[in-house]
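Numbering (this note's numbering), first residue to last: 877 to 1102.
C-beta: ideal position from N, C-alpha, C; glycine also.
Report on the following structure.
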Amino acid sequence: MDYTDLLIKLGLSAILGFAIGLERELKRKPLGLKTCLVISIISCLLTIVSIKAAYNLPHTDHMNMDPLRLAAQIVSGIGFLGAGVILRRGNDSIAGLTTAAMIWGASGIGIAVGAGFYIEAIFGMCFLMISVELIPLTMKFVGPRSFRQRDIAVKLVVRNMDNIPIVIEEIKEMDIKVKNMKLKTLENGSHYLHLKLCIDQKRHTADVYYALQHLESVQQTEVESM
877 MDYTDLLIKL GLSAILGFAI GLERELKRKP LGLKTCLVIS IISCLLTIVS
927 IKAAYNLPHT DHMNMDPLRL AAQIVSGIGF LGAGVILRRG NDSIAGLTTA
977 AMIWGASGIG IAVGAGFYIE AIFGMCFLMI SVELIPLTMK FVGPRSFRQR
1027 DIAVKLVVRN MDNIPIVIEE IKEMDIKVKN MKLKTLENGS HYLHLKLCID
1077 QKRHTADVYY ALQHLESVQQ TEVESM
């Protein structure tokens, strides 16, 4: 392999890695441009080194090198980086799984380019972007209603136990689905409700907060987007 081929591989992996990083950067995700570029370029470089070492270094009768051994270790090792962007929020929701998958994808594209599979890497990149961007957007229009809804976490303080069923019914009358409920009795005799609610994607969180705040039985309200 001459230096022109090397530059083409590293350049292509940088361009494809840039596209993945840009998509995450625009969504304000932990995986940004620089991180994604490093992953894609270095994965490509290590794959090139692995292949060249297997075929260019002298071999003995009792020792053979696997040309993709380093590439296999990249796939295993990238999991530690992916684990670093998966977060468990205070409202028990898990965030960062897509970003972790994109890290793995950037590494895979770099490996494909480094191994000389240019067309495969480009097509893989295209399908990756379609899966992450276009398909979810399309499903919001033609898919089930759940694709047009989002979850919010709500914490309420209610005066007495008898008012809790009333509050739940009033919430349902607002066209809000109650997905999960956790109850706790406070020292002052009031009752604490931790609810996971499902609302329309276009409905503003502040509107829900305002509506819950004005329920007669509710003493205190806290609403958090998930």
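- As computed with DSSP, Glu1100 is found in a beta bridge with Ala1029.
- Ranking Ile1040, Leu898 and Ala991 by CA distance to the CA of Gln1095 puts Ile1040 first.
- For the pair Ala991 and Thr923, the CB atoms are nearer than the 9 Å cut-off.
- Residue pairing for Met1057: DSSP places it in a beta bridge opposite Leu1071.
- By the criterion of a C-beta distance shorter than 7 Å, Lys1072 is surrounded in its chain by Asp1027, Ala1029, Lys1055 and Asn1056, once the five residues flanking it on both sides are discounted.
- If you draw a straight line from the Cα of Gly958 to the Cα of Gln1077, it comes to about 28 Å.
- If you look at Phe894, you'll find it in the alpha helix (DSSP H) that goes Tyr879 to Leu902.
- Cα atoms of Tyr1086 and Val1008: separation of roughly 33 Å, rounded to the nearest angstrom.
- With respect to the 9 Å criterion, Ser926 and Ser889 are not classified as neighbours on the basis of their beta carbons.
- Within the stretch 950-1009, the runs of alpha helix (DSSP H) at least 4 residues long that lie entirely inside it are, in chain order, 973-990 and 994-1005.
- Bounds of the alpha helix (DSSP H) holding Glu1046 are Ile1040 to Glu1049.
- If you ignore the 5 residues before and after Leu898, its C-beta comes within less than 7 Å of the C-beta of Leu909, all in its own chain and listed in chain order.
- In the displayed model, Gln1089 falls within a helix according to three-state DSSP.
- Between the beta-carbon of Tyr1068 and that of Val1099 there is about 15 Å, and that puts the pair past the 8 Å contact cut.
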